[in-house]
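Here the structure is laid out as structure tokens; the discussion comes afterwards.
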Amino acid sequence: MRVTNKMMTNNMMSNINKNKEYMSILEQQYSTGKKIQRPSEDPIVAVRALKLRTNLAELEQYHEKNIPDAMSWMDVTETALTTVHDLLHDINTYCVQGSSDQLQPSDRLDIVQNLEQLKQQIYHEGNSSYAGRYVFTGYKTDSSLLFDRKRTDLSYRITEKITGNQIEFGRAVAGGYEMADYDDIAEDFADAPQLVEYRRIQLSYDTLDTSATPPAEVSYTQGGVTKDLTGKITVVSATEDNPYEPDPDKINYIPETGELILGANIYKEMKNADQIDINYTKSSFKEGDLKPEHYFDCVLKDPEKPEEITFTRPEIKQEIRYEVNYNQKLTVNTEGAEAFAHKMGRDIDEILNAVNDVIASENKIAEVKERLKDTDLTTEERAKYEKMLEQLDTEYVLKKEVMQDAFSNGITTSYNEKDRVNTALADLGSRYVRLKLTDDRLGSQKTDFEDLMSQNEDVNLVDTIIRYGSADMIYNASLSAAARAVQNNLLDFLR
Numbered sequence: 470m471r472v473t474n475k476m477m478t479n480n481m482m483s484n485i486n487k488n489k490e491y492m493s494i495l496e497q498q499y500s501t502g503k504k505i506q507r508p509s510e511d512p513i514v515a516v517r518a519l520k521l522r523t524n525l526a527e528l529e530q531y532h533e534k535n536i537p538d539a540m541s542w543m544d545v546t547e548t549a550l551t552t553v554h555d556l557l558h559d560i561n562t563y564c565v566q567g568s569s570d571q572l573q574p575s576d577r578l579d580i581v582q583n584l585e586q587l588k589q590q591i592y593h594e595g596n597s598s599y600a601g602r603y604v605f606t607g608y609k610t611d612s613s614l615l616f617d618r619k620r621t622d623l624s625y626r627i628t629e630k631i632t633g634n635q636i637e638f639g640r641a642v643a644g645g646y647e648m649a650d651y652d653d654i655a656e657d658f659a660d661a662p663q664l665v666e667y668r669r670i671q672l673s674y675d676t677l678d679t680s681a682t683p684p685a686e687v688s689y690t691q692g693g694v695t696k697d698l699t700g701k702i703t704v705v706s707a708t709e710d711n712p713y714e715p716d717p718d719k720i721n722y723i724p725e726t727g728e729l730i731l732g733a734n735i736y737k738e739m740k741n742a743d744q745i746d747i748n749y750t751k752s753s754f755k756e757g758d759l760k761p762e763h764y765f766d767c768v769l770k771d772p773e774k775p776e777e778i779t780f781t782r783p784e785i786k787q788e789i790r791y792e793v794n795y796n797q798k799l800t801v802n803t804e805g806a807e808a809f810a811h812k813m814g815r816d817i818d819e820i821l822n823a824v825n826d827v828i829a830s831e832n833k834i835a836e837v838k839e840r841l842k843d844t845d846l847t848t849e850e851r852a853k854y855e856k857m858l859e860q861l862d863t864e865y866v867l868k869k870e871v872m873q874d875a876f877s878n879g880i881t882t883s884y885n886e887k888d889r890v891n892t893a894l895a896d897l898g899s900r901y902v903r904l905k906l907t908d909d910r911l912g913s914q915k916t917d918f919e920d921l922m923s924q925n926e927d928v929n930l931v932d933t934i935i936r937y938g939s940a941d942m943i944y945n946a947s948l949s950a951a952a953r954a955v956q957n958n959l960l961d962f963l964r
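Residues 470 to 964 (this note's numbering) are what the sequence shown spells out, left to right.
Here it is as structure tokens:
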């Protein structure tokens, strides 16, 4: 085959261009650290890079955003629950101290004041929030668990559901005397105060509204059969004589204290009930009261809203779930009903009332004793005061028993509430451990994917430098060879 100068020149230029192109590729790899600049250079590397980048972006979303957000939410929840647990421990300690018979009235008042402050702090922990979202209110993250101010403009028709074994036993003092009774000519103080035992349903709220018709409704279900007892309800005031002694076939509804006092026959009917439904109305709420919609089925009448709002408690938990890994979701929230109950606050209120009753009896006894010091009293007056003092002493002893019952209930309830909070903390802790394990695993996966992506996309700089030096030498050699190959020109052939 004849090889012409033109052919040699073309081959020479093609080889020089290939060498230079290869040097350009190596130069780009060396300066960028990447194997390719365009997908067309190596489609396999490009496709694999896209997949790895997508996987890494998802991992970063989970590991750097979703999981830290979930951890922060759970940290806020854990802090609140731990604080509540500690407060319940303090309440239990104060109730144990208060149950002592050796305390002075001022000591009991100090204990009650501390209990009241602890109760308020417990409930205010329920308003803990994270990033503007309340953590204990289920799906209603924009609604606080408590009323943040006194509200008298809202009216709730509340439906509470309990079982027959939640009916409580109680005791109260009936037939007490006041100093005004001394001025009653017919009063001979012959009837001694008595301790009355009763069965009751203590509602979650006190200071209830009686304007609705009927003021309250009660029905119970047993064995699939429902019976309505609304017609047996009688509204009585806490200041009436013996509100805790209803007719055997009646229910005394005491709106001031939020109690349903069951007659003996009514209690026998209801004690084994599978479910008891109580409907009542409340339209006055103090700052710090728990909002009914987070605990009960209820209907809200708000003057600022054109229509009534119906709240229905779902049968399943209101779980806020974060996606923390591929097809893996984790519940981050704890509902307020799992950690904050009305019972603790109601028991503390009863302790306060019982202590005030004992102090009132002590004051009445002190006043009678002071009057007995009067030397101008007639024999008849002195005898009457002494009889009154005797009855007041009996009343004092009985009210102390009721006070001891209140403190004992406080001890029991604080233990039960601590168990409730411990359960919530344990559940939260187990979920947090799962989240931490997922976080550690994603951290390892992220490192592995970064290594894979680096192996797929990044060049080995040492090898690139070596190859670049070799390519530079070959390029220069091709230039030198070309210079020798084209030294002859046309004049050399004309000679």
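Each residue gets a CB set at the ideal place from its N, CA and C atoms; glycine is no exception.
Taking C-beta atoms under 8 angstroms as the contact rule, residue 809 and residue 595 qualify, at a distance of about 5 angstroms.
In the DSSP annotation of this structure, the continuous segment of the beta strand (DSSP E) that includes residue 691 starts and ends at 685-691.
Counting only residues of its own chain and dropping the five nearest sequence neighbours on each side, residue 943 has a CB closer than 6 angstroms to the CB of 488. Residue 752 is a Cβ neighbour of residue 621, given a cutoff of 8 angstroms.
No Cβ-Cβ contact shorter than 8 angstroms links residue 747 with residue 731.
Comparing C-alpha distances from residue 739 to each of 670, 726, 700 shows the shortest one belongs to 670. Distance from the Cα of residue 521 is smallest, within the candidate group 936, 923, 939, for 923. Distance check between residue 821 and each of 705, 584, 545, 940 places 584 closest, using alpha-carbon atoms only. Of the residues 723, 714, 718, the one whose Cα lies closest to the Cα of residue 707 is 723. In this structure, DSSP gives residue 935 a helical state, which the three-state scheme calls helix.
Counting along the chain, residue 890 sits inside the alpha helix (DSSP H) bounded by residues 848-926. The C-alpha of residue 851 lies about 30 angstroms from the C-alpha of residue 823. Relative to residue 937, the option among 478, 498, 703, 474 whose CA is nearest is 498. In this structure, the CA atom of residue 703 is about 50 angstroms from the CA atom of residue 799. The C-beta distance from residue 608 to residue 787 rounds to 5 angstroms, short enough to fall under 8 angstroms. Under DSSP, the beta-bridge partners assigned to residue 625 are 751, 769. With distances taken between CA atoms, residue 907 lies nearest to 537 out of 634, 711, 537, 475.
The beta carbon of residue 801 sits closer than 6 angstroms to those of 539, 542, 543, 789, 791, all from its chain and outside the five residues before and after it, given in chain order. Here DSSP, grouped into helix, strand and coil, assigns residue 787 to coil.
A straight-line Cα-Cα distance of about 21 angstroms links residue 623 and residue 728. Counting only the Cα atoms, residue 580 lies some 37 angstroms from residue 900. Annotation: the continuous beta strand (DSSP E) that includes residue 702 extends over 702-704. By the Cβ neighbour-count rule, residue 549 is buried, with 16 or more other Cβ atoms within 10 Å of its own. The shortest C-alpha to C-alpha distance from residue 551 to any of 887, 941, 946 is the one to 887. CA-to-CA, the gap between residue 676 and residue 525 works out to about 59 angstroms. No Cβ-Cβ contact shorter than 8 angstroms links residue 597 with residue 565.
Secondary structure at residue 709: coil, using DSSP grouped into helix, strand and coil. Within the DSSP secondary-structure output, residue 514 pairs in no beta bridge. Across the set 637, 925, 711, the C-alpha of 925 shows the shortest separation from the C-alpha of residue 515. Ranked by how close their Cα comes to the Cα of residue 880, the residues 813, 758, 678, 950 have 813 in first place. Under a 10 Å Cβ-count criterion, residue 882 is classified as buried, with 16 or more other Cβ atoms of the shown protein chains found around its own Cβ. Between residue 874 and residue 529, the alpha-carbon positions lie close to 58 angstroms from each other.
Shown here for residue 603: same chain residues with a beta carbon closer than 7 angstroms to its own, the five before and five after excluded, namely 596, 610, 612, 613, 614 in chain order. For the pair residue 568 and residue 709, the Cα-to-Cα distance works out to about 28 angstroms. Going by C-alpha positions, residue 846 is about 34 angstroms away from residue 641.
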